[in-house]
Amino acid sequence: MEVRTLIGVLFILLSTSLNAQTRDIPRVHNVYDGDTFRGYTSPNRHEPIRIKGVDTPEIKGACDSEIKAAYRARDYLKKRLSNAKSIQLLNPGRDKYNRVLAVVLVDGQDIAQDIIQNGYGRKWRGKRESWCE
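Letter by letter, the sequence shown follows residues -20 to -1, 1 to 113 in mature numbering (1 follows the signal peptide of the UniProt record, and there is no 0).
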């Protein structure tokens, strides 16, 4: 019985990873803030891309400390993307603003986790939380 369960779990994991879709972003048009940038999804078309799994301060924030933190997060993302050898979107979809929403891999690393680990953002929990005290 345990072997069947293990085989079932392995089958689900393998089928999920085999169905993962990736899309290369050959270049970045601009970076808006710490979790949104415009990337070329085709040779002549750039679209807004929202990084899945992270929340960063807003450029048009509610207080000075949020705005300052937003510029630091934006500059960090800009640096990471400009130095990247590869940028890929994993399982892209759309968010409620019709932006591309995806896990973004920069040189194979989940950039959301990188942003969080370096203190420029926090894990997205499904709703916006205040950056002001």
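In this text, a Cβ means the ideal position worked out from N, Cα and C, and glycines have one as well.
Closest to residue i by C-alpha separation, out of the options, would be which residue?
i, options, result
"G33", "R3, A50, D75 and Y51", "D75"
"R7", "D15, D13, H26 and G14", "H26"
"N98", "V84, P72, R105 and R60", "R60"
"R3", "G106, S110, P72 and R79", "P72"
"T16", "R105, A92, C112 and E113", "A92"
"S110", "A49, L85 and A42", "A42"
"P28", "S45, K48 and I5", "I5"
"D35", "D44, A49, H9 and D87", "A49"
"G88", "D44, A64 and R105", "A64"
"E113", "L85, A(-1), S22 and D44", "D44"
"V86", "S62, A(-1), K107 and Y77", "S62"
Tell me the residue span of the alpha helix (DSSP H) that contains residue i.
i, result
"D44", "D44 to S62"
"A92", "I91 to Q97"
From which residue to which residue does the beta strand (DSSP E) around residue i run?
i, result
"R74", "I67 to R74"
"R7", "Run containing R7: none; DSSP gives neither H nor E here."
"E27", "R25 to I31"
"A82", "V80 to V86"
"S22", "T16 to S22"
Within 8 Å of any Cβ in chain C, is that where the Cβ of residue i sits?
i, result
"Q97", "Here there is only one protein chain, and chain C is not present."
Look at the Cβ atom of residue i, then the Cβ atom of residue j, and state whether they are nearer than 8 Å.
i, j, result
"K103", "I96", "yes"
"Y20", "R52", "no"
"E(-19)", "D13", "no"
"R18", "L81", "no"
Counting Cβ pairs closer than 8 Å, one from the region 47 to 56 and one from the region 68 to 85, do we hit at least three? no
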